[in-house]
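Presented below is the structure to which this report refers.
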Amino acid sequence: MIVLDSAQILTAVGLSLRNHVLPALEDDFARVQVMSALKALAEVSDRLENGDPAERSNAIIEGGVRELADSIRSDAPDFAAKLDAAVAAKPEGDAPRDRSRQLGEALWELCARDEGAAAARLLALLQAEALRTMGEDNAWICPEAIESLT
Amino acid sequence: MAEVTAEMAAPLEKALRERAPRLGVHRVLAIERLTTGLSSQSYSVETETASGPLRLVMRVEPEHGVIPPYDIAREYRLLREVHEAGLPTPGVVHLEEDQSVVGGRFILMTFVEGVIYRNMDERLADDPARLAAMQERFVEMLARIHDTPQTVLPNHTSGEDAARAEVAICRHRLERTELLPSPIIRHALDVLHEHAPSAQRLALLHGDYRLPNLMWKGETISGVLDWELARVGDPLSDLAFTQTIGRGLCSIEGELAARYGELTGIEIDDRRLVYYRLLEMVKGTIIGLAGAYDLAHGGDDLRLLSVARIAAAGQAIMGGLEAQLEAFLET
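From first to last, the protein sequence lines stand for chains Y and F.
Going letter by letter, the first sequence gives residues 1 to 150 in the working numbering.
Going letter by letter, the second sequence gives residues 1001 to 1331 in the working numbering.
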């Protein structure tokens, strides 16, 4: 059946859960599972439309690392070269998370072995990216799920 | 009875008749899953006994979960000790080691009557006088916990030793559950290991001391629940928890921290508090992110998706906490 695209199928599943399943559930635990599932479906739909957030994050980190390398090349050429190498290295697989894993390990090696100002700037860059993804992630948090736990 | 729990009733009834005859359970009438709790699964169990109805709470060691390794037998022994020491905790009545009964080892506890409030509960936020009285009880109870002797949990020789042991546990959990490498968390763990502080004294820590883990009757605490993160360490660690992961209307800071100091004689040392705020944030982040690992390895509690998202945000503020700690170290 090829007439519906993936986003349309997900939307229909979400509507079915919301309109037919959720109202029939009395068990609080089951209800919060369905509400969480609805958020997850919405997120997957968003990924289909706007791309994988891991890919966006990788691109931002790569850009930041390149910029950092250029800015320290004259003062700390060795560290700059290591940054270049971390970005140039290829991951074992093709998936965005393979790249995230390779980049994360390579950059951690640099942070762990160097206590200098450039390493601190590298960590700050990663923290800034964590802050940005936090903003994106907030949209997919199910408040009822958190409320049920706290 | 929900279907998922109905199938537990017969084997539970049989196990209790055979291995806990002193409870006198004739029938298990109902089992209802309680939704609170991130880790062990808890159920309300209604039974019929020779002396009438008896309501119990069953905590089941999870097959999957975010705070491995689990040891519900240790929790059982600790709960028994602190209950006997006079803390208002549920009385534990049975430890079942046979995992086949309900799908995991479990403990049975007496049901504690009381009301649970959320960290930012509107019922308290709108009633300042009541809140003030409950904040006082909250601080007093933590001081009591910190003064309670126990022999179940491993002891430490110093504050540094206790802090580093906790950092090592965090590192181990991270190694087991890290789906993608996090240089931010790894760096924070290195900082915490390097700058572990001494302690004025060591004490039993609850480890998860926040409003939702307490039961109240009026303005009195009727139950202190969820001891699975209990350990021995610097009491300021529990205060730091109330200021970070457990933050809410009863955060122990300012006047409440001063009151805690009066009750215990423990100095409210800002440098150690900054250290433990970072440790609690790192610990909470690792536990939360383990929710994603759990889902990727057969877990089916979708609430963990939201927990992992909130935990991931913890990385965004670790840098600020590290900077605060470094500023103290430089002075």
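We treat Cβ as the ideally placed atom computed from N, Cα and C, and that holds for glycine.
Close Cβ partners of residue i (< 6 Å) along its chain, the five nearest in sequence each way excluded
{"i": "F:L1229", "result": "G1207, D1208"}
{"i": "F:G1246", "result": "R1210"}
{"i": "Y:A145", "result": "V32, S36"}
{"i": "Y:D235", "result": "Because chain Y spans 1 through 150 in this model, residue 235 of chain Y falls outside it and cannot be assessed."}
{"i": "F:V1191", "result": "E1322"}
Whole-angstrom C-beta distance between residue j and residue i, which should lie under 8 Å
{"i": "F:G1104", "j": "F:V1060", "result": "5 Å"}
{"i": "F:T1177", "j": "F:L1289", "result": "7 Å"}
{"i": "F:Y1276", "j": "F:A1240", "result": "3 Å"}
{"i": "F:E1219", "j": "F:R1130", "result": "7 Å"}
{"i": "F:I1107", "j": "F:Y1076", "result": "5 Å"}
{"i": "F:A1196", "j": "F:R1164", "result": "5 Å"}
{"i": "Y:A42", "j": "Y:G14", "result": "7 Å"}
Same chain, Cβ closer than 8 Å to residue i, neighbours up to 5 away in sequence not counted
{"i": "F:M1001", "result": "Bear in mind that the predicted position of F:M1001 carries a pLDDT of just 42, short of 50, making it too unreliable to give a figure here."}
{"i": "F:Y1260", "result": "V1139, L1142, A1143, L1239, I1252, I1266, I1268"}
{"i": "Y:W108", "result": "none"}
C-beta atoms of residue i and residue j nearer than 8 Å
{"i": "F:L1202", "j": "F:G1159", "result": "yes"}
{"i": "F:H1026", "j": "F:A1050", "result": "yes"}
{"i": "Y:S57", "j": "Y:S100", "result": "yes"}
{"i": "F:P1183", "j": "Y:G51", "result": "no"}
{"i": "Y:T11", "j": "F:P1212", "result": "no"}
{"i": "F:R1309", "j": "Y:D84", "result": "no"}
{"i": "F:L1153", "j": "F:V1232", "result": "yes"}
{"i": "F:D1147", "j": "F:A1199", "result": "no"}
{"i": "F:I1286", "j": "F:C1170", "result": "yes"}
{"i": "F:K1413", "j": "F:G1114", "result": "Nothing can be reported for residue 1413 of chain F, as the shown portion of chain F is limited to 1001 through 1331."}
{"i": "Y:P96", "j": "Y:A130", "result": "no"}
{"i": "F:T1151", "j": "F:E1081", "result": "yes"}
{"i": "F:R1272", "j": "F:L1321", "result": "no"}
{"i": "F:L1023", "j": "F:V1101", "result": "no"}
{"i": "F:H1179", "j": "F:A1292", "result": "Sequence inspection shows Leu at residue 1179 of chain F; the His mentioned does not correspond to that position. Going by C-beta atoms, F:L1179 is nearer than 8 Å to F:A1292."}
Same chain, Cβ closer than 7 Å to residue i, neighbours up to 5 away in sequence not counted
{"i": "Y:A106", "result": "A86, A89"}
{"i": "Y:K39", "result": "W140, C142"}
{"i": "F:V1112", "result": "P1090, M1215, S1222, G1223"}
{"i": "Y:R121", "result": "L68"}
{"i": "F:E1003", "result": "Per-residue confidence for F:E1003 stands at a pLDDT of 47, beneath the threshold of 50, marking its modelled position as unreliable; the derived number appears in the next sentence. Contacts found: none."}
{"i": "Y:C111", "result": "A119, L122, L123"}
{"i": "F:R1123", "result": "Y1117"}
{"i": "F:L1256", "result": "Q1135, V1139"}
Residue i CB to nearest heavy atom of the ligand GDP below 7 Å
{"i": "Y:R47", "result": "In the structure shown, the ligand GDP is absent, as is every other ligand, since no ligand is present at all."}
Interface positions of the stretch 91-111 of chain Y facing chain F (Cβ-Cβ less than 8 Å), listed along the chain: If the cut-off is 8 Å between Cβ atoms, the stretch 91-111 of chain Y has R97, S100, R101, G104, E105, L107, W108, C111 near chain F.
Members of the stretch 1305-1320 of chain F that neighbour chain Y once the beta carbon cut-off is set at 8 Å: Going along the stretch 1305-1320 of chain F in chain order, one finds L1305, S1306, V1307, R1309, I1310, A1312, A1313, Q1315, A1316, M1318, G1319 with a Cβ nearer than 8 Å to chain Y.
Residues of the stretch 10-38 of chain Y with Cβ closer than 7 Å to any Cβ of chain F, in chain order: Answer in chain order: D27, D28, F29, V32, Q33, S36, A37.
Within the stretch 1182-1226 of chain F, ranges of the alpha helix (DSSP H) (whole runs, at least 4 residues): Here the runs fully enclosed are 1183-1194.
Complete runs of the beta strand (DSSP E) confined to the stretch 1076-1105 of chain F [at least 3 residues]: Fully enclosed beta strand (DSSP E) runs of 3 or longer: 1092-1096.
Segments of 4+ residues assigned as alpha helix (DSSP H) that fall wholly inside the stretch 81-113 of chain Y: Complete alpha helix (DSSP H) runs here, min 4: 96-113.
Residues, ordered as in the chain, of the stretch 1185-1201 of chain F that lie near chain Y by beta-carbon distance below 9 Å: Cβ contacts with chain Y come from R1186, H1187, D1190.
Members of the stretch 1258-1279 of chain F near chain Y, C-beta cut-off 7 Å: Cβ contacts with chain Y come from no residue of the stretch 1258-1279 of chain F.
Within the stretch 1232-1279 of chain F, ranges of the alpha helix (DSSP H) (whole runs, at least 4 residues): The stretch 1232-1279 of chain F contains these whole alpha helix (DSSP H) runs: 1236-1243, 1255-1264.
Interface residues of the stretch 1138-1171 of chain F facing chain Y [CB-CB below 8 Å]: Going along the stretch 1138-1171 of chain F in chain order, one finds no residue with a Cβ nearer than 8 Å to chain Y.
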